[in-house]
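All remarks here apply to the structure that follows.
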Amino acid sequence: MAAPNPTARKFLGRLSLPERTFVADALRAETVGGILLLVASVAAILWANTPLGRSYEAVSDFHIGPASLGLDLSLQHWAADGLLAIFFFVAGIELKRELVAGELRDPKAAALPVIAAVCGMAAPALVYALVNAIGGGSMAGWAVPTATDIAFALAVLAVIGTSLPSALRAFLLTLAVVDDLFAILIIAVFFTSDLNFAALGGAVVGLGVFWLLLRKGVRGWYVYVPLALIIWGLMYNSGVHATIAGVAMGLMLRCTRHEGEAHSPGEHIEHLVRPVSAGLAVPLFALFSAGVSVSGSALHAVFSRPETLGVMLGLVVGKTLGIFGGTWLAARFTRAELNDDLAWPDVFAVASLAGIGFTVSLLIGELAFAGDAALTDEVKAAVLLGSFTAAVFACVLLKLRVRKYQALYEEEERDEDQDGIPDVYEQDNPEYHLRMAAIYEEKAAEHRRRAELAGASRGDGDSPA
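In terms of my numbering, the sequence shown opens at residue -15 and continues consecutively.
Set out below in C-alpha coordinates:
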(Lines of atoms letter the chains of each structure in order from A and count residues from 1; the text may use other names and numbers.)
(Lines give C-alpha, C1' and ligand atoms only; values in the text may rest on other atoms or scores of the structure.)
Protein backbone atom coordinates (compact mmCIF):
# COMPACT_ATOMS: atom_id res chain seq x y z
CA MET A 1 0.00 0.00 0.00
CA ALA A 2 1.31 3.47 -0.86
CA ALA A 3 2.55 5.55 2.01
CA PRO A 4 0.26 8.43 2.98
CA ASN A 5 1.29 11.90 1.95
CA PRO A 6 2.96 13.84 4.72
CA THR A 7 0.74 16.35 6.42
CA ALA A 8 1.25 19.75 4.86
CA ARG A 9 2.35 22.50 7.24
CA LYS A 10 0.40 25.73 7.35
CA PHE A 11 2.21 28.88 6.23
CA LEU A 12 1.05 32.14 7.85
CA GLY A 13 -1.04 30.18 10.33
CA ARG A 14 -2.19 31.50 13.68
CA LEU A 15 0.59 32.40 16.11
CA SER A 16 0.80 31.00 19.61
CA LEU A 17 -0.59 33.38 22.22
CA PRO A 18 2.81 34.32 23.76
CA GLU A 19 4.31 34.91 20.31
CA ARG A 20 1.29 36.96 19.24
CA THR A 21 1.59 39.10 22.39
CA PHE A 22 5.30 39.68 21.82
CA VAL A 23 4.81 40.59 18.16
CA ALA A 24 1.99 42.99 19.02
CA ASP A 25 4.07 44.77 21.70
CA ALA A 26 7.15 44.99 19.48
CA LEU A 27 5.25 46.31 16.47
CA ARG A 28 3.32 48.81 18.58
CA ALA A 29 6.58 50.51 19.60
CA GLU A 30 7.93 50.30 16.05
CA THR A 31 4.74 51.89 14.68
CA VAL A 32 5.10 54.93 16.94
CA GLY A 33 8.78 55.12 16.05
CA GLY A 34 7.94 54.78 12.37
CA ILE A 35 5.61 57.77 12.51
CA LEU A 36 8.35 59.82 14.20
CA LEU A 37 10.74 58.57 11.51
CA LEU A 38 8.31 59.74 8.84
CA VAL A 39 7.98 63.15 10.48
CA ALA A 40 11.77 63.50 10.84
CA SER A 41 12.31 62.57 7.20
CA VAL A 42 9.78 65.12 5.94
CA ALA A 43 11.33 67.74 8.24
CA ALA A 44 14.81 66.97 6.86
CA ILE A 45 13.66 67.27 3.24
CA LEU A 46 11.82 70.54 3.91
CA TRP A 47 14.77 71.95 5.86
CA ALA A 48 17.26 71.06 3.13
CA ASN A 49 15.10 72.43 0.30
CA THR A 50 14.22 75.83 1.73
CA PRO A 51 16.29 79.01 2.06
CA LEU A 52 17.48 77.49 5.35
CA GLY A 53 19.23 74.69 3.44
CA ARG A 54 22.68 76.03 4.26
CA SER A 55 21.89 75.89 7.95
CA TYR A 56 20.95 72.22 7.52
CA GLU A 57 24.38 71.53 6.04
CA ALA A 58 26.07 73.57 8.76
CA VAL A 59 24.29 71.72 11.57
CA SER A 60 24.88 68.29 9.98
CA ASP A 61 28.59 69.06 9.53
CA PHE A 62 29.06 70.53 13.01
CA HIS A 63 31.84 68.58 14.76
CA ILE A 64 31.84 67.60 18.40
CA GLY A 65 33.64 65.01 20.49
CA PRO A 66 37.11 64.31 21.95
CA ALA A 67 39.66 64.43 19.12
CA SER A 68 42.24 62.73 21.36
CA LEU A 69 40.08 59.59 21.31
CA GLY A 70 39.51 59.76 17.56
CA LEU A 71 35.89 60.80 18.13
CA ASP A 72 35.77 64.37 16.77
CA LEU A 73 32.76 63.60 14.57
CA SER A 74 30.08 65.59 12.77
CA LEU A 75 26.51 65.37 14.07
CA GLN A 76 25.58 63.38 10.97
CA HIS A 77 28.45 61.00 11.70
CA TRP A 78 27.39 60.65 15.34
CA ALA A 79 23.88 59.80 14.21
CA ALA A 80 25.05 57.16 11.71
CA ASP A 81 27.76 55.53 13.82
CA GLY A 82 26.55 56.33 17.32
CA LEU A 83 22.77 56.45 17.49
CA LEU A 84 22.33 53.63 14.98
CA ALA A 85 24.40 51.41 17.28
CA ILE A 86 21.36 51.53 19.60
CA PHE A 87 19.13 50.47 16.69
CA PHE A 88 21.43 47.55 15.89
CA PHE A 89 21.64 46.63 19.59
CA VAL A 90 17.86 46.14 19.55
CA ALA A 91 18.19 44.25 16.25
CA GLY A 92 20.73 41.94 17.90
CA ILE A 93 18.33 41.21 20.77
CA GLU A 94 15.49 40.56 18.29
CA LEU A 95 17.65 38.16 16.32
CA LYS A 96 18.77 36.31 19.47
CA ARG A 97 15.19 35.97 20.67
CA GLU A 98 13.96 34.75 17.28
CA LEU A 99 16.73 32.14 17.20
CA VAL A 100 16.13 30.76 20.70
CA ALA A 101 12.45 31.41 21.43
CA GLY A 102 10.75 32.81 18.34
CA GLU A 103 9.85 31.85 14.80
CA LEU A 104 13.44 30.94 13.86
CA ARG A 105 14.03 28.39 16.63
CA ASP A 106 12.49 25.56 14.59
CA PRO A 107 14.58 25.02 11.44
CA LYS A 108 11.61 23.64 9.49
CA ALA A 109 9.36 26.57 10.38
CA ALA A 110 12.19 29.06 9.89
CA ALA A 111 13.16 27.79 6.43
CA LEU A 112 10.39 29.60 4.60
CA PRO A 113 10.81 33.16 6.00
CA VAL A 114 14.61 32.82 5.88
CA ILE A 115 14.51 31.78 2.21
CA ALA A 116 12.07 34.61 1.50
CA ALA A 117 14.35 37.13 3.21
CA VAL A 118 17.48 35.85 1.45
CA CYS A 119 15.75 36.02 -1.93
CA GLY A 120 14.44 39.45 -0.94
CA MET A 121 18.05 40.62 -0.56
CA ALA A 122 19.58 38.74 -3.48
CA ALA A 123 17.04 39.91 -6.07
CA PRO A 124 17.53 43.67 -5.43
CA ALA A 125 21.30 43.20 -5.58
CA LEU A 126 20.93 41.38 -8.90
CA VAL A 127 18.62 44.08 -10.26
CA TYR A 128 21.16 46.73 -9.28
CA ALA A 129 24.02 44.76 -10.81
CA LEU A 130 22.09 44.19 -14.04
CA VAL A 131 21.16 47.87 -14.44
CA ASN A 132 24.74 48.99 -13.79
CA ALA A 133 26.25 46.31 -16.00
CA ILE A 134 24.10 47.53 -18.88
CA GLY A 135 24.55 51.23 -18.07
CA GLY A 136 28.23 51.11 -17.18
CA GLY A 137 27.73 52.32 -13.62
CA SER A 138 29.53 51.56 -10.38
CA MET A 139 28.90 48.22 -8.68
CA ALA A 140 29.75 49.74 -5.29
CA GLY A 141 26.09 50.32 -4.41
CA TRP A 142 24.85 46.75 -4.91
CA ALA A 143 23.93 46.43 -1.21
CA VAL A 144 21.95 49.68 -0.97
CA PRO A 145 18.54 48.29 -2.07
CA THR A 146 18.81 45.06 -0.05
CA ALA A 147 17.45 46.44 3.25
CA THR A 148 13.91 46.67 4.64
CA ASP A 149 12.84 49.33 7.15
CA ILE A 150 10.23 47.70 9.39
CA ALA A 151 9.47 50.94 11.29
CA PHE A 152 8.77 52.91 8.13
CA ALA A 153 6.64 50.06 6.75
CA LEU A 154 4.56 50.01 9.93
CA ALA A 155 4.19 53.79 9.82
CA VAL A 156 2.73 53.43 6.32
CA LEU A 157 0.23 50.86 7.64
CA ALA A 158 -0.72 53.21 10.48
CA VAL A 159 -1.20 56.16 8.13
CA ILE A 160 -3.48 54.23 5.75
CA GLY A 161 -5.33 52.64 8.67
CA THR A 162 -4.73 49.00 7.74
CA SER A 163 -4.50 46.44 10.55
CA LEU A 164 -2.85 43.33 9.19
CA PRO A 165 -3.68 39.91 10.66
CA SER A 166 -1.07 38.80 13.21
CA ALA A 167 0.37 36.14 10.89
CA LEU A 168 1.19 38.72 8.20
CA ARG A 169 2.61 41.10 10.81
CA ALA A 170 4.81 38.34 12.22
CA PHE A 171 5.95 37.40 8.71
CA LEU A 172 6.93 41.02 8.05
CA LEU A 173 8.78 41.22 11.38
CA THR A 174 10.65 37.95 10.75
CA LEU A 175 11.63 39.16 7.29
CA ALA A 176 12.98 42.35 8.85
CA VAL A 177 14.95 40.47 11.53
CA VAL A 178 16.65 38.21 8.97
CA ASP A 179 17.12 41.24 6.73
CA ASP A 180 18.88 43.07 9.58
CA LEU A 181 21.17 40.06 10.15
CA PHE A 182 22.38 40.07 6.55
CA ALA A 183 22.65 43.86 6.53
CA ILE A 184 24.91 43.57 9.58
CA LEU A 185 27.06 40.98 7.82
CA ILE A 186 27.26 43.13 4.68
CA ILE A 187 28.37 46.17 6.70
CA ALA A 188 30.93 44.14 8.68
CA VAL A 189 32.42 42.34 5.67
CA PHE A 190 32.22 44.85 2.83
CA PHE A 191 32.48 48.21 4.58
CA THR A 192 35.36 47.66 6.97
CA SER A 193 38.27 50.03 6.40
CA ASP A 194 41.91 49.41 7.32
CA LEU A 195 41.93 47.57 10.62
CA ASN A 196 43.50 48.89 13.79
CA PHE A 197 44.20 45.58 15.50
CA ALA A 198 45.00 47.15 18.87
CA ALA A 199 41.59 48.87 19.02
CA LEU A 200 39.87 45.78 17.66
CA GLY A 201 41.56 43.63 20.29
CA GLY A 202 40.43 46.06 22.98
CA ALA A 203 36.85 45.89 21.68
CA VAL A 204 36.96 42.08 21.73
CA VAL A 205 38.27 42.14 25.32
CA GLY A 206 35.50 44.56 26.26
CA LEU A 207 32.90 42.27 24.72
CA GLY A 208 34.39 39.38 26.69
CA VAL A 209 34.02 41.35 29.92
CA PHE A 210 30.45 42.25 28.90
CA TRP A 211 29.64 38.56 28.32
CA LEU A 212 31.27 37.49 31.61
CA LEU A 213 29.34 40.07 33.65
CA LEU A 214 26.10 38.89 32.08
CA ARG A 215 26.88 35.24 32.89
CA LYS A 216 27.75 36.17 36.49
CA GLY A 217 24.37 37.86 36.85
CA VAL A 218 25.80 41.33 37.50
CA ARG A 219 23.09 43.98 37.27
CA GLY A 220 23.07 47.74 37.03
CA TRP A 221 22.99 50.13 34.11
CA TYR A 222 25.89 52.06 35.69
CA VAL A 223 28.10 49.02 34.95
CA TYR A 224 26.94 48.19 31.43
CA VAL A 225 26.40 51.65 29.90
CA PRO A 226 29.99 52.89 30.49
CA LEU A 227 31.34 49.51 29.33
CA ALA A 228 29.17 49.66 26.21
CA LEU A 229 30.47 53.15 25.40
CA ILE A 230 34.07 51.96 25.75
CA ILE A 231 33.37 48.96 23.48
CA TRP A 232 31.69 51.23 20.93
CA GLY A 233 34.59 53.70 20.93
CA LEU A 234 37.16 50.95 20.47
CA MET A 235 35.10 49.35 17.71
CA TYR A 236 34.80 52.67 15.90
CA ASN A 237 38.56 53.24 16.03
CA SER A 238 39.25 49.66 14.90
CA GLY A 239 37.96 50.33 11.39
CA VAL A 240 35.00 47.95 11.78
CA HIS A 241 31.71 49.85 11.54
CA ALA A 242 30.78 50.87 15.08
CA THR A 243 27.22 49.57 14.83
CA ILE A 244 28.64 46.03 14.92
CA ALA A 245 29.40 46.62 18.62
CA GLY A 246 25.68 47.13 19.28
CA VAL A 247 24.78 43.92 17.47
CA ALA A 248 27.39 41.90 19.31
CA MET A 249 26.20 43.07 22.73
CA GLY A 250 22.57 42.42 21.80
CA LEU A 251 23.36 38.85 20.76
CA MET A 252 25.02 38.17 24.13
CA LEU A 253 21.87 38.80 26.18
CA ARG A 254 19.90 35.80 27.45
CA CYS A 255 16.52 35.65 25.74
CA THR A 256 15.18 32.43 27.27
CA ARG A 257 13.10 32.55 30.43
CA HIS A 258 14.12 30.73 33.58
CA GLU A 259 11.56 29.32 35.96
CA GLY A 260 9.64 32.07 37.71
CA GLU A 261 10.63 34.78 35.20
CA ALA A 262 7.90 36.73 33.49
CA HIS A 263 10.45 38.06 30.98
CA SER A 264 13.99 37.10 30.06
CA PRO A 265 16.75 39.71 30.59
CA GLY A 266 16.92 40.25 26.84
CA GLU A 267 13.18 40.89 26.58
CA HIS A 268 13.30 43.24 29.57
CA ILE A 269 16.20 45.28 28.19
CA GLU A 270 14.64 45.35 24.73
CA HIS A 271 11.43 46.70 26.27
CA LEU A 272 13.46 49.51 27.87
CA VAL A 273 15.73 50.34 24.93
CA ARG A 274 13.34 49.92 21.98
CA PRO A 275 11.53 53.24 22.65
CA VAL A 276 14.93 55.00 22.69
CA SER A 277 15.87 53.31 19.42
CA ALA A 278 12.55 53.81 17.62
CA GLY A 279 11.64 57.16 19.15
CA LEU A 280 15.02 58.92 19.27
CA ALA A 281 17.97 57.19 17.56
CA VAL A 282 16.40 56.32 14.21
CA PRO A 283 14.42 59.58 13.76
CA LEU A 284 17.55 61.64 14.50
CA PHE A 285 19.52 59.57 11.99
CA ALA A 286 16.80 60.26 9.42
CA LEU A 287 16.85 63.96 10.27
CA PHE A 288 20.58 64.20 9.46
CA SER A 289 20.57 61.77 6.51
CA ALA A 290 17.33 62.34 4.58
CA GLY A 291 17.92 66.02 3.81
CA VAL A 292 18.62 65.75 0.09
CA SER A 293 17.72 67.98 -2.82
CA VAL A 294 14.44 67.16 -4.54
CA SER A 295 14.93 69.57 -7.43
CA GLY A 296 14.11 68.63 -10.98
CA SER A 297 17.77 67.97 -11.74
CA ALA A 298 18.10 65.68 -8.72
CA LEU A 299 15.02 63.69 -9.71
CA HIS A 300 16.28 63.54 -13.30
CA ALA A 301 19.55 62.10 -12.01
CA VAL A 302 17.64 59.28 -10.27
CA PHE A 303 16.35 58.07 -13.64
CA SER A 304 19.40 58.90 -15.71
CA ARG A 305 22.27 57.45 -13.67
CA PRO A 306 22.59 53.64 -13.53
CA GLU A 307 23.58 53.72 -9.84
CA THR A 308 20.45 55.58 -8.75
CA LEU A 309 18.14 53.78 -11.16
CA GLY A 310 19.53 50.46 -9.93
CA VAL A 311 18.78 51.43 -6.33
CA MET A 312 15.22 52.48 -7.11
CA LEU A 313 14.38 49.43 -9.23
CA GLY A 314 16.08 47.19 -6.70
CA LEU A 315 13.75 48.43 -3.95
CA VAL A 316 10.53 48.54 -5.96
CA VAL A 317 10.96 45.53 -8.29
CA GLY A 318 13.73 43.45 -6.77
CA LYS A 319 12.35 43.35 -3.23
CA THR A 320 8.82 42.51 -4.30
CA LEU A 321 9.71 39.78 -6.78
CA GLY A 322 12.49 38.39 -4.58
CA ILE A 323 10.39 37.95 -1.44
CA PHE A 324 7.26 36.77 -3.25
CA GLY A 325 9.17 34.40 -5.55
CA GLY A 326 11.27 33.02 -2.71
CA THR A 327 8.18 32.48 -0.55
CA TRP A 328 6.23 30.76 -3.32
CA LEU A 329 9.11 28.44 -4.25
CA ALA A 330 9.89 27.61 -0.62
CA ALA A 331 6.22 26.84 0.10
CA ARG A 332 5.99 24.64 -2.97
CA PHE A 333 9.11 22.60 -2.22
CA THR A 334 8.43 22.29 1.52
CA ARG A 335 4.75 21.43 0.89
CA ALA A 336 3.63 24.23 3.17
CA GLU A 337 0.03 25.23 2.50
CA LEU A 338 -1.06 28.83 2.79
CA ASN A 339 -3.43 29.67 5.63
CA ASP A 340 -7.02 29.27 4.39
CA ASP A 341 -7.90 32.83 5.47
CA LEU A 342 -5.21 34.39 3.26
CA ALA A 343 -4.23 34.30 -0.40
CA TRP A 344 -1.03 34.70 -2.40
CA PRO A 345 -1.91 38.31 -3.35
CA ASP A 346 -1.61 39.05 0.39
CA VAL A 347 1.97 37.75 0.37
CA PHE A 348 2.68 39.84 -2.73
CA ALA A 349 1.37 42.96 -0.98
CA VAL A 350 3.60 42.37 2.07
CA ALA A 351 6.54 41.71 -0.26
CA SER A 352 5.96 45.07 -1.95
CA LEU A 353 5.76 46.75 1.47
CA ALA A 354 9.23 45.35 2.23
CA GLY A 355 10.54 47.51 -0.62
CA ILE A 356 10.65 50.40 1.84
CA GLY A 357 14.40 50.40 2.51
CA PHE A 358 15.10 53.79 4.04
CA THR A 359 17.18 53.67 7.30
CA VAL A 360 19.71 50.92 6.55
CA SER A 361 19.64 51.70 2.82
CA LEU A 362 20.58 55.31 3.58
CA LEU A 363 23.38 54.09 5.85
CA ILE A 364 24.79 51.67 3.28
CA GLY A 365 24.47 54.35 0.60
CA GLU A 366 26.65 56.67 2.70
CA LEU A 367 29.23 53.90 3.18
CA ALA A 368 29.22 52.72 -0.45
CA PHE A 369 29.83 56.14 -2.00
CA ALA A 370 31.68 57.87 0.84
CA GLY A 371 34.19 59.44 -1.53
CA ASP A 372 31.61 61.08 -3.79
CA ALA A 373 29.32 63.53 -1.98
CA ALA A 374 27.25 64.36 -5.06
CA LEU A 375 26.58 60.70 -5.91
CA THR A 376 25.85 59.97 -2.25
CA ASP A 377 23.08 62.57 -2.25
CA GLU A 378 21.70 61.23 -5.54
CA VAL A 379 21.65 57.69 -4.13
CA LYS A 380 19.85 58.98 -1.04
CA ALA A 381 17.27 60.60 -3.33
CA ALA A 382 16.88 57.25 -5.10
CA VAL A 383 16.33 55.51 -1.75
CA LEU A 384 13.67 58.06 -0.79
CA LEU A 385 11.91 57.87 -4.15
CA GLY A 386 12.14 54.08 -4.30
CA SER A 387 10.80 53.70 -0.75
CA PHE A 388 7.97 56.16 -1.49
CA THR A 389 7.05 54.31 -4.70
CA ALA A 390 7.08 50.94 -2.89
CA ALA A 391 4.91 52.41 -0.12
CA VAL A 392 2.32 53.76 -2.58
CA PHE A 393 2.24 50.48 -4.51
CA ALA A 394 1.83 48.47 -1.30
CA CYS A 395 -0.94 50.80 -0.09
CA VAL A 396 -2.93 50.21 -3.25
CA LEU A 397 -2.57 46.42 -2.95
CA LEU A 398 -3.38 46.38 0.77
CA LYS A 399 -6.41 48.63 0.37
CA LEU A 400 -7.89 46.15 -2.10
CA ARG A 401 -8.07 43.60 0.74
CA VAL A 402 -8.60 45.94 3.67
CA ARG A 403 -12.09 44.59 4.52
CA LYS A 404 -10.74 41.05 4.69
CA TYR A 405 -7.86 42.14 6.90
CA GLN A 406 -10.19 44.09 9.17
CA ALA A 407 -12.48 41.10 9.60
CA LEU A 408 -9.55 38.80 10.43
CA TYR A 409 -8.06 41.36 12.81
CA GLU A 410 -11.36 41.85 14.65
CA GLU A 411 -11.79 38.08 14.91
CA GLU A 412 -8.33 37.75 16.44
CA GLU A 413 -9.00 40.59 18.90
CA ARG A 414 -12.51 39.52 20.01
CA ASP A 415 -12.68 38.83 23.76
CA GLU A 416 -16.36 38.47 24.66
CA ASP A 417 -15.74 36.96 28.09
CA GLN A 418 -13.30 39.81 28.85
CA ASP A 419 -10.65 37.63 30.47
CA GLY A 420 -7.77 39.25 28.56
CA ILE A 421 -7.32 36.29 26.20
CA PRO A 422 -8.75 36.47 22.65
CA ASP A 423 -11.59 33.99 22.14
CA VAL A 424 -9.88 32.23 19.22
CA TYR A 425 -7.28 30.89 21.67
CA GLU A 426 -9.88 29.43 24.04
CA GLN A 427 -11.97 27.24 21.76
CA ASP A 428 -10.57 24.07 23.40
CA ASN A 429 -11.09 25.36 26.94
CA PRO A 430 -14.32 24.04 28.59
CA GLU A 431 -14.27 26.87 31.15
CA TYR A 432 -14.41 29.44 28.35
CA HIS A 433 -17.57 27.87 26.91
CA LEU A 434 -19.17 27.72 30.37
CA ARG A 435 -18.41 31.42 30.87
CA MET A 436 -19.89 32.22 27.48
CA ALA A 437 -22.99 30.15 28.27
CA ALA A 438 -23.49 32.14 31.48
CA ILE A 439 -23.01 35.43 29.60
CA TYR A 440 -25.58 34.48 26.93
CA GLU A 441 -28.05 33.23 29.58
CA GLU A 442 -27.73 36.55 31.40
CA LYS A 443 -28.29 38.42 28.13
CA ALA A 444 -31.30 36.22 27.33
CA ALA A 445 -32.81 36.93 30.74
CA GLU A 446 -32.28 40.65 30.25
CA HIS A 447 -33.98 40.57 26.83
CA ARG A 448 -36.94 38.62 28.26
CA ARG A 449 -37.28 41.26 30.96
CA ARG A 450 -37.17 44.02 28.33
CA ALA A 451 -39.74 42.18 26.23
CA GLU A 452 -42.12 42.03 29.19
CA LEU A 453 -41.61 45.74 29.89
CA ALA A 454 -42.13 46.59 26.21
CA GLY A 455 -45.33 44.52 26.15
CA ALA A 456 -46.63 46.15 29.28
CA SER A 457 -45.79 49.59 27.92
CA ARG A 458 -47.56 48.90 24.64
CA GLY A 459 -50.61 47.64 26.53
CA ASP A 460 -50.74 50.87 28.58
CA GLY A 461 -50.41 52.97 25.46
CA ASP A 462 -53.27 51.20 23.66
CA SER A 463 -55.70 51.47 26.56
CA PRO A 464 -58.36 54.21 26.31
CA ALA A 465 -57.88 57.43 28.26
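Glycine included, C-beta positions come from ideal geometry on N, C-alpha and C. All of these numbers come straight from a predicted model, not from anything done at the bench.
- Inclusion of valine 257 and isoleucine 48 in the CB contact set at 9 angstroms is not warranted, their separation being larger than that value.
- Between the segment 387 to 406 and the segment 143 to 157 there are three or more inter-stretch CB-CB distances shorter than 8 angstroms, so the stretches are counted as touching.
- In this structure, the CA atom of leucine 110 is about 46 angstroms from the CA atom of glycine 204.
- Counting along the chain, the unbroken beta strand (DSSP E) around alanine 320 starts and ends at 320 to 322.
- With respect to the C-alpha of leucine 305, the residue from Arg38, Gly104, Ala32, Pro35 having the closest C-alpha is Gly104.
- In the three-state reduction of the DSSP assignment, phenylalanine 353 falls in the coil class.
- Under the 10 Å beta carbon count, aspartate 324 is surrounded by fewer than 16 other beta carbons and is classified as exposed.
- In terms of Cα proximity to glutamate 82, the closest of Val173, Phe6, Leu382 is Phe6.
- Shown here, isoleucine 340 sits in coil according to DSSP, grouped into three states, outside any helix or strand.
- Three or more beta-carbon pairs drawn from the segment 255 to 271 and the segment 66 to 76 are found closer than 8 angstroms, and the two stretches are therefore classed as touching.
- Around the beta-carbon of phenylalanine 194, 16 or more other beta-carbon atoms lie within 10 Å, marking it buried.
- Judged by DSSP secondary structure, leucine 22 falls within the alpha helix (DSSP H) whose first and last residues are 1 to 32.
- Counting along the chain, no alpha helix (DSSP H) covers glutamate 400, and no H or E run does either.
- Within the same chain, Cβ atoms closer than 7 angstroms to the Cβ of leucine 53 are found at Gly217, the five residues on either side in sequence being excluded.
- DSSP lists Ser58 as the bridge partner or partners of histidine 47.
- Valine 380 and aspartate 163 have their C-alpha atoms roughly 24 angstroms apart.
- Non-local beta-carbon contacts of leucine 68 in its own chain, meaning distances under 6 angstroms to residues more than five positions away in sequence, involve Thr227, Phe269 in chain order.
- DSSP places phenylalanine -5 within a strand segment (E or B) once states are collapsed to three.
- The alpha-carbon of alanine 167 is positioned some 18 angstroms away from that of methionine 296.
- Between isoleucine 214 and the set Leu197, Ser277, Gly186, the nearest pair of CA atoms involves Gly186.
- Using a Cβ distance threshold of 9 angstroms, alanine 131 and valine 344 count as a contacting pair.
- Closest option to leucine 237, judged by alpha-carbon separation, among Gly244, Glu243, Glu400, Pro249: Pro249.
- Nearest neighbour of valine 209 by Cα position, chosen from Gly223, His225, Gly190, Tyr220, turns out to be Gly190.
- The alpha-carbon separation between asparagine 413 and phenylalanine 155 amounts to approximately 28 angstroms.
- At the C-beta level, phenylalanine 332 and phenylalanine 353 stay beyond 9 angstroms of one another.
- Annotated as proximal: leucine 283 and alanine 365, with beta-carbon spacing under 9 angstroms.
- The C-alpha of cysteine 239 lies about 9 angstroms from the C-alpha of histidine 252.
- Counting the other CB atoms within 10 Å of its CB gives serine 177 a total below 16, which places it among the exposed residues.
- Secondary structure remark: continuous alpha helix (DSSP H) runs of at least 4 residues inside the segment 135 to 175, in chain order: 150 to 174.
- Counting the other CB atoms within 10 Å of its CB gives alanine 327 a total below 16, which places it among the exposed residues.
- Of the candidates His417, Ala32, Val102, the residue whose Cα lies closest to the Cα of glycine 302 is Val102.
- The residue among Gly18, Phe317, Leu30, Val16 with its C-alpha nearest the C-alpha of lysine 92 is Phe317.
- The beta-carbon distance between leucine 322 and leucine -4, rounded to whole angstroms, is 6 angstroms. This is short enough to meet the 8 angstroms contact definition.
- A distance of 9 angstroms or more separates the beta carbons of serine 273 and glutamate 396.
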